[in-house]
Amino acid sequence: MKDKRIAIYPGTFDPMTLGHFDIVKKAVKIVDQLVVGVAVDTVKDTFFSIEERVSIVNQSVQYLNKGTSVLVKPFSGLLTDFARREDAFLIIRGLRAVSDFEYEFKMSWVLNRMYSNIQTIFLPASDATQFISSNFVKEIACLGGDISQFVYPHVVDAFKKRKQ
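Going by the UniProt record's numbering, the letters in the sequence shown line up with residues 1 to 164, in that order.
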């Protein structure tokens with residue numbers, strides 16, 4: 001029996017966008033199991049609580065084909081510690097533009113120094129999603145704009161619920 005190829009796709013997912021989901025769809029094609037790690041501890045100010053973010057991601061992955069092995073888990077602390085606990089060999093990172101690459105490349109170097117069994121692969125965003133960001137989505141939603149072309153309907157509903 002071969003070992004399961006487990007990868008982690010980490011992020012704050014505040015909220016999960018169609019851009020994030022695009023990367024999930026690509027990642028599940030190359031690993032046996034994908035763990036979407038929702039960061040609890042973050043230097044970013046999050047709009048949604050960790051419970052809300054995990055729920056949003058869980059609802060989003062329901063759009064995948066049945067039989068696709070995706071788990072959604074919150075994690076605290078270092079990504080490398082989470083990777084060890086999950087027995088992951090790969091970190092998945094999405095790249096929207098060249099500007100993302102420099103930061104992500106440096107981060108992959110640091111992660112590999114902290115845990116040599118882990119590698120990072122970069123998956124490019126599709127043309128249709130390359131300029132979608134959670135920050136843009138939050139800003140548009142908070143100003144009363146329509147975000148339905150950037151997120152799934154349950155995310156639109158989550159913003160509406162928050163505004164009540």
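Glycine included, each C-beta is placed from N, C-alpha and C at the ideal position. Please read all numbers here as calculations on a predicted model, not as lab measurements.
task = Taking only the alpha-carbon atoms, compute the straight-line gap between residue 156 and residue 73 and give it to the nearest angstrom.
result = 22 Å
Near residue 90, what residues of its chain come up, given a Cβ to Cβ distance below 8 Å and the 5 sequence neighbours on each side ignored? 5, 6, 7, 8, 31, 118, 119, 120 and 121
Q) Using the beta-carbon count (16 or more within 10 Å), is residue 53 buried or exposed? A) buried
Next on the checklist: Less than 6 Å between C-beta atoms, sequence neighbours within five positions excluded: which residues of the same chain meet that for residue 47?
Outcome noted: Apart from sequence neighbours up to five positions away, the residues of its chain that approach residue 47 with a beta-carbon distance below 6 Å are 14 and 138, ordered along the chain.
Check your understanding: Among residues of its own chain, excluding the 5 on either side of residue 164, which ones have a beta-carbon nearer than 7 Å to its beta-carbon?
Key -> none
* **residue 108 versus residue 75: straight-line alpha-carbon distance, rounded** => 18 Å
- May I have the straight-line CA-CA distance separating residue 59 from residue 88, to the nearest angstrom? Between residue 59 and residue 88, the C-alpha separation is close to 23 Å.
Q) Leaving out the 5 sequence neighbours to the left and right, which residues in its chain are closer than 7 Å to residue 132 when beta-carbon positions are compared? A) 17, 18, 19 and 150
Counted within 10 angstroms of its Cβ, other Cβ atoms place residue 148 as buried (16 or more) or exposed: exposed
Ends of the alpha helix (DSSP H) at residue 56? 50-61
*Counting only the same chain and skipping the five closest in sequence on each side, list residues whose C-beta sits under 8 Å from that of residue 101.*
95 and 122
Worksheet item: For the UniProt domain "Cytidyltransferase-like" (8-139), which segments carrying the alpha helix (DSSP H) assignment without a break, of at least 4 residues, lie completely within its bounds, in sequence order?
Response: 18-27, 50-61, 79-86 and 98-114
Quiz item: Hey, quick one: how far does the alpha helix (DSSP H) through residue 155 stretch, first residue to last?
Solution: Its alpha helix (DSSP H) spans residues 153-163.
Measure from the alpha carbon of residue 93 to the alpha carbon of each residue in 26, 3 and 161, then state which is nearest.
26
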